[in-house]
Every structure is written in structure tokens, then in C-alpha cells.
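Structure first, commentary second.
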Amino acid sequence: MTDSGRVWQPAASIEALRFRAAVLAQLRAFFAERGVLEVTTPVLSAAAATDPQIESLWLHDGSGRRWWLQSSPEFHMKRLLAAGSGAIYQIGPAFRGDEQGRWHNPEFSMLEWYRPGFDHHALMDEIEALWALLAKTSTSPWPRYRYAELICEATGLDWADACDARHLRRALEARVGRLPKALDSGGLLDAAMSLLVGPGLGHESPCFVHDFPPEQAALARVEQGHDGHAWARRFEWFWCGQELGNGFHELTDADEQAQRFAADRALRQRAAQVDVPADDALIAALGSGLPACAGVAVGVDRLCALLMKAEGVSSVIAFPADRA
Amino acid sequence: MSSYSTNQFKGGLKIMLDGDPYTIVENEFVKPGKGQAFNRVKVRNLKNGRVVERTFKSGDSVEAADVHELELQYLYNDGEFWHFMEPKSFEQYTADENAVADAKNWIKEQDNCTVVLYNGAPLSVEAPNFVELEVTETDPGVRGDTSGGGGKPATLETGAVVRVPLFIDVGDKLKVDTRSGEYVSRA
Chain A
1 MTDSGRVWQP
11 AASIEALRFR
21 AAVLAQLRAF
31 FAERGVLEVT
41 TPVLSAAAAT
51 DPQIESLWLH
61 DGSGRRWWLQ
71 SSPEFHMKRL
81 LAAGSGAIYQ
91 IGPAFRGDEQ
101 GRWHNPEFSM
111 LEWYRPGFDH
121 HALMDEIEAL
131 WALLAKTSTS
141 PWPRYRYAEL
151 ICEATGLDWA
161 DACDARHLRR
171 ALEARVGRLP
181 KALDSGGLLD
191 AAMSLLVGPG
201 LGHESPCFVH
211 DFPPEQAALA
221 RVEQGHDGHA
231 WARRFEWFWC
241 GQELGNGFHE
251 LTDADEQAQR
261 FAADRALRQR
271 AAQVDVPADD
281 ALIAALGSGL
291 PACAGVAVGV
301 DRLCALLMKA
311 EGVSSVIAFP
321 ADRA
Chain B
325 MSSYSTNQFK
335 GGLKIMLDGD
345 PYTIVENEFV
355 KPGKGQAFNR
365 VKVRNLKNGR
375 VVERTFKSGD
385 SVEAADVHEL
395 ELQYLYNDGE
405 FWHFMEPKSF
415 EQYTADENAV
425 ADAKNWIKEQ
435 DNCTVVLYNG
445 APLSVEAPNF
455 VELEVTETDP
465 GVRGDTSGGG
475 GKPATLETGA
485 VVRVPLFIDV
495 GDKLKVDTRS
505 GEYVSRA
């Protein structure tokens, strides 16, 4: 122990770190074989994610300039795509303040890749192929559940009632106990996903959840479904009850992207959160033309931990936040 | 009044919920891919011991419970209340039957007990894990039987009844495990 109570030894065993290194080598070989280019983009950026649910970290340099630590390499990678990079991937650090727990560390490793010409379903196919390589077994094809279908099944509500805060709260509290008072229907859907649906997903084989409510579109395109509702063309990848990846059929419309950034910033202002500068370079890149593409971000620490059947990410991170 | 943010949550933290003091047994941070983060906690009510699950929005604050543990010396029972003393400051504390609960079967004068104080008053009393007590009543000992097989009830000086081997006699001092209420050995 040190004076501050930190332990000097790594949290992960050397054996686990060897396993982690082998996974990283396999990832790189997978993308090299498929002609996906490895890139490196800045960790420190002039702009940051506006998403009100992401707390970006920052630092000030000697001149007083504020730099944001990236919460994902998405914006820079899309600028490369707009510049004609073709398919690209990156493995690097990402940062999110206040996210710490068994499956979270404020600094974590993210694998992110983009595939021009793919939609989100084609990208899900590629994830199945990648997982088969890492897990040395194939269980394809994996179930692809629609978000609404899972929420309805877990709560016993139809989708219209599940979108009603009063009905959803009653159904959820009967199943998971009391929930915080200040939750709107979006927050209640997040609770349903995190507390009720998610933990039960991906135990027989990994699986995907797709077609999210448009309010949760983030940077994905929103399209009218066969059911007449608008759905965000997004997916999440689950394995052993953990969310491992988050993929989009990417929004390419610069005006709509600018509007979403502005709406996020308005929400932040109303909630008295830190204001985050929107990335005008990304908007300009979208304006010059982002090729139609799909992209996904995968938590490398979680992936390694689950491949090792470990109980949390600290078993594959040399020095998690409490020892950093 | 102090409070804790959810990112300070950890096992053992004492918080107030619905007017009762609770201790956090387990804390799990959960967050969907995009969206609201939550802290899912298991908490134990310090008054009745019941464990319940609660969910907080991450970043919310919860009132801290004025609860802490002290090592106190048991002084005496006046028929209604149990009196304890902090051995350094000589400050005295009075516990009611609710707080003393099961510990009253095991403690005798001058034993050191772990006492949980809530707003300055004893909320619960924990007897030492092992105590030595004299047998005040039991059937006559069976000489020569040291096998420990069989057994019989024995009443101890505190009034507690434990099962003891047949060779135990009135006046013997016994070591007892207060967590299981079982005889360990002759002291």
C-alpha cells in the first residue's frame, strides 16, 4: 500500500495481460485480412460528444486552452471517412467521467470500426465472424431482437403503454423494486433495458438488439419501419448479460446532425450540465459528403473479460482507476 | 446535514432511506449503451435487518445516516435498560431491549461489545464472538464420558440455554460461540 492507499501491483494477472495481448493481435489480424486500415486519431480534441448522458473529461494546458479527452474516436474517424479513407478501424483509449463499477472504468479501451457500403445488419454479420475467431467457436446466426419486442416481453405491456411513463413505471417497479422519482419515459426505458432486459440477454449465444426508439438515435439514421413507426437504425451487442458494442447505420445528413447537437446542448443547459462545444469540423465533413456506412464501437476490456469468463473488467485492466 | 453522491457508494456506507438508517451491502453501476446510468444497490435496514434492492440515478445524492460503530464495555442491566461505557472517555450509553436483542443472552459485566450508534443512541449491540460463561443448572455430569456424544441442555449464568456434552457439571466455565449459540469447549 502507498500513503494514498493505492496498491502498487496490477489488478490483472500477468497471464490475463498475455491473453489480452493475444486478443489485440487477433483483432489486428482480422482487420488486416479484410483490408480495413488501422488509424490513430487524437485523444485530446477541441470538441466533444454533446450527448447529455456522457460526461467527457477535460484538461487545461499551460495557455489555458481546454482539451477534451475523447469519449470515443467517432468524430475524427468520420472525418477520415469523409476524406476518402475507406474502411478503417482503431483500438485506443476512451474516457468517461463518473463511470466506475464492475463493468466500467473511467478510462477504457475501445475498438471502433467503420465500413463504407455496409448497413447495420451487414456489420452485425461481421461481428459474428470476429467473435467466432476470438471464441474459437461459431454459434451463428445469433438472435437479432427488436428493442420494442424485448421491452414488451419483459414488462407485459404493448409498445404504446411502454411509452407511457405511468404504465411503464408501474410494470417496472412490480419487477425490480422502487425506482427514482425523477425519471421520464426515456429514463424508464433505460431502466427497463439496464435492470430487466439486458441482464438476461446473450447467455445461450451472443445476440443483438436493434431498431431503437428515435429518441435514442444518437448518431444513427432514423427510418420509417414496416410498422409505420420511426426507428433508429442502431444495434447493441450483448453477451452474458453485458452490453459489448454499439453500432449505427450512420447518419450522413449534416443539417440533421447539427440539429441533434443543438438539441443535446439545449438539454445540457436545462439540466445545468457542463456545456460542450459541438464539433463543427464533423458537421463540415458531413457537409462535404460522408459515404453511406455503418460503424460500431466495442468495449475491449469487457470483451477480454468475458472471453476469459471473468467477473468484471478489473481482471483484464493492468491498473484500473483505483490503482492508476 | 451531510450526503453522499452515488459515485461514493460502496459496501458498508450508511445512508438514510425513508427515514430509516441503512447500510449498503452491494453496489452495482449499470448503464445502457446510450442513456441514463443507474446505481443498483442492496441495502440492509439497520433497525430490522431486512435487505431490499433500490435503484438510484447515478449522480443523485442521498442523505448520510449518523451511524457509527464503537467498542463499548457492558456495565450492568437495571431490569429495563442495558448500560454501556466507552472505556476511554467514560461516556455512558443506554440500550433498550430492541437494541440488545440476542446479545442479552451472552453478555456479562465488563464484556466488550460492538455497539452501533444511530443519532448517538445504541441501535444494535453485538456480543463478542466467543464468551466464557458459568453453568448454573444442568443434569449431573456423567463422570468419565468425555466423548461429547449425546448431550444435554445447560443453563448459563446469563440465562441462555446451550447444548453441552454429558460430562459438564454445574459450576463449569464454558466457551460459547455467540454467532451460532453453540458450546465450543470447557474454558
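Residue numbers (our numbering), protein chains in the order written: chain A, 1 to 324; chain B, 325 to 511.
We put the CB at the ideal spot given by N, CA and C, even for glycine.
All values derive from a computational prediction rather than experimental measurement.
Which first and last residues belong to the beta strand (DSSP E) in which residue i is found?
| i | result |
| --- | --- |
| residue 299 (chain A) | 293-299 |
| residue 230 (chain A) | 230-239 |
| residue 208 (chain A) | 207-212 |
| residue 385 (chain B) | 385-387 |
| residue 366 (chain B) | 362-369 |
| residue 247 (chain A) | 242-249 |
| residue 191 (chain A) | That residue, residue 191 (chain A), is in no beta strand (DSSP E); its alpha helix (DSSP H) goes 185-191. |
Who are the Cβ neighbours of residue i in its own chain at under 7 Å, not counting the five residues just before and after it?
| i | result |
| --- | --- |
| residue 30 (chain A) | 130, 133 |
| residue 186 (chain A) | 215 |
| residue 507 (chain B) | 486, 487, 488, 498, 500 |
Quick one: Cα of residue i to Cα of residue j, how far?
| i | j | result |
| --- | --- | --- |
| residue 153 (chain A) | residue 170 (chain A) | 15 Å |
| residue 448 (chain B) | residue 423 (chain B) | 4 Å |
| residue 436 (chain B) | residue 100 (chain A) | 39 Å |
| residue 203 (chain A) | residue 348 (chain B) | 29 Å |
| residue 311 (chain A) | residue 241 (chain A) | 12 Å |
| residue 386 (chain B) | residue 330 (chain B) | 8 Å |
| residue 298 (chain A) | residue 374 (chain B) | 39 Å |
| residue 406 (chain B) | residue 177 (chain A) | 38 Å |
| residue 135 (chain A) | residue 48 (chain A) | 34 Å |
| residue 155 (chain A) | residue 283 (chain A) | 39 Å |
| residue 167 (chain A) | residue 260 (chain A) | 28 Å |
| residue 478 (chain B) | residue 495 (chain B) | 11 Å |
| residue 438 (chain B) | residue 336 (chain B) | 15 Å |
| residue 163 (chain A) | residue 201 (chain A) | 22 Å |
| residue 84 (chain A) | residue 65 (chain A) | 31 Å |
| residue 399 (chain B) | residue 463 (chain B) | 31 Å |
| residue 286 (chain A) | residue 266 (chain A) | 22 Å |
| residue 370 (chain B) | residue 413 (chain B) | 26 Å |
Decide if residue i is buried, meaning its Cβ has at least 16 other Cβ atoms within 10 Å, or exposed.
| i | result |
| --- | --- |
| residue 489 (chain B) | buried |
| residue 211 (chain A) | buried |
| residue 114 (chain A) | buried |
| residue 73 (chain A) | buried |
| residue 8 (chain A) | exposed |
| residue 105 (chain A) | buried |
| residue 226 (chain A) | exposed |
| residue 195 (chain A) | buried |
| residue 382 (chain B) | buried |
| residue 511 (chain B) | exposed |
| residue 351 (chain B) | buried |
| residue 362 (chain B) | buried |
| residue 474 (chain B) | exposed |
Under a CB-based cut-off of 8 Å, is residue i close to chain E?
| i | result |
| --- | --- |
| residue 187 (chain A) | Absent from the structure: chain E. Protein chains present are A and B. |
Among residues of its own chain, excluding the 5 on either side of residue i, which ones have a beta-carbon nearer than 6 Å to its beta-carbon?
| i | result |
| --- | --- |
| residue 150 (chain A) | 197 |
| residue 20 (chain A) | 304, 316 |
| residue 389 (chain B) | 338, 339, 340, 345 |
| residue 221 (chain A) | 233, 249, 251 |
| residue 278 (chain A) | 50, 261 |
When the distance is taken between beta carbons, is residue j closer than 8 Å to residue i?
| i | j | result |
| --- | --- | --- |
| residue 218 (chain A) | residue 250 (chain A) | no |
| residue 379 (chain B) | residue 368 (chain B) | no |
| residue 440 (chain B) | residue 393 (chain B) | yes |
| residue 243 (chain A) | residue 357 (chain B) | yes |
| residue 70 (chain A) | residue 39 (chain A) | no |
| residue 95 (chain A) | residue 59 (chain A) | no |
| residue 485 (chain B) | residue 430 (chain B) | no |
| residue 172 (chain A) | residue 179 (chain A) | yes |
| residue 208 (chain A) | residue 142 (chain A) | yes |
| residue 199 (chain A) | residue 147 (chain A) | no |
| residue 428 (chain B) | residue 481 (chain B) | no |
| residue 452 (chain B) | residue 419 (chain B) | no |
| residue 434 (chain B) | residue 397 (chain B) | yes |
Name the two residues that bound the continuous alpha helix (DSSP H) containing residue i.
| i | result |
| --- | --- |
| residue 460 (chain B) | Run containing residue 460 (chain B): none in the alpha helix (DSSP H); it sits in the beta strand (DSSP E), 454-462. |
| residue 257 (chain A) | 254-270 |
| residue 422 (chain B) | 421-424 |
| residue 118 (chain A) | Run containing residue 118 (chain A): none; DSSP gives neither H nor E here. |
| residue 151 (chain A) | 147-155 |
| residue 26 (chain A) | 14-33 |
| residue 445 (chain B) | No alpha helix (DSSP H) contains residue 445 (chain B), which is instead part of the beta strand (DSSP E) from 445-450. |
| residue 94 (chain A) | Segment 88-95 is the beta strand (DSSP E) holding residue 94 (chain A); no alpha helix (DSSP H) there. |
| residue 77 (chain A) | 74-82 |
| residue 160 (chain A) | 159-162 |
Which residues in the same chain have their Cβ closer than 8 Å to the Cβ of residue i, if we skip the five residues on either side of it in sequence?
| i | result |
| --- | --- |
| residue 306 (chain A) | 239, 240, 242, 244 |
| residue 319 (chain A) | 10, 11 |
| residue 165 (chain A) | 183, 184, 185, 188 |
Quick check: is any heavy atom of the ligand SAM less than 7 Å from the C-beta of residue i?
| i | result |
| --- | --- |
| residue 258 (chain A) | The ligand SAM is absent from the structure shown, which contains no ligands of any kind. |
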